[in-house]
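Taking full-length UniProt numbering, the leading residue of the sequence shown gets 1, the next gets one more, and so forth.
One structure is given below, encoded as structure tokens.
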Amino acid sequence: MKLIVNMIMGSMMATFSEGLLLSEKVGLDPNVLVEVVSLGAISAPMYSLKGPSMVKSLYPTAFPLKHQQKDMRLALGLAESVSQPTHCSSCK
Numbered sequence: 001m002k003l004i005v006n007m008i009m010g011s012m013m014a015t016f017s018e019g020l021l022l023s024e025k026v027g028l029d030p031n032v033l034v035e036v037v038s039l040g041a042i043s044a045p046m047y048s049l050k051g052p053s054m055v056k057s058l059y060p061t062a063f064p065l066k067h068q069q070k071d072m073r074l075a076l077g078l079a080e081s082v083s084q085p086t087h088c089s090s091c092k
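Below, the structure is given as structure tokens:
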């Protein structure tokens, strides 16, 4: 269960990061994006907790990247072992 939860969390944070950067590049306020995401259907406590720090380029370590990468590899291996495609989580 933990591997699957961490796989979901890793995928969510990767796309959230990309969205924040894209919002900046197209001239939108990433703080407003964090607020809008927190109010919408995709609201998740993780976005509200991490978003404001990410906008300021502050990344306090709560779960080291090497551990997240390990869990992603293990979860993707688990999926492969049961022939379950992981198109989104396995993107590079």
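C-beta: ideal position from N, C-alpha, C; glycine also.
Collapsing the DSSP output to three states places D71 in a helix. Here the alpha carbon of V82 sits roughly 38 Å from the alpha carbon of V55.
Rounded to the nearest whole angstrom, the CA to CA distance from E80 to E24 is 36 Å. Counting only unbroken stretches of 4 or more residues, the alpha helix (DSSP H) elements lying wholly within the region 36–65 are 45–55, in sequence order. Non-local beta-carbon contacts of D71 in its own chain, meaning distances under 8 Å to residues more than five positions away in sequence, involve K2, L3, N6, M7, G10 in chain order.
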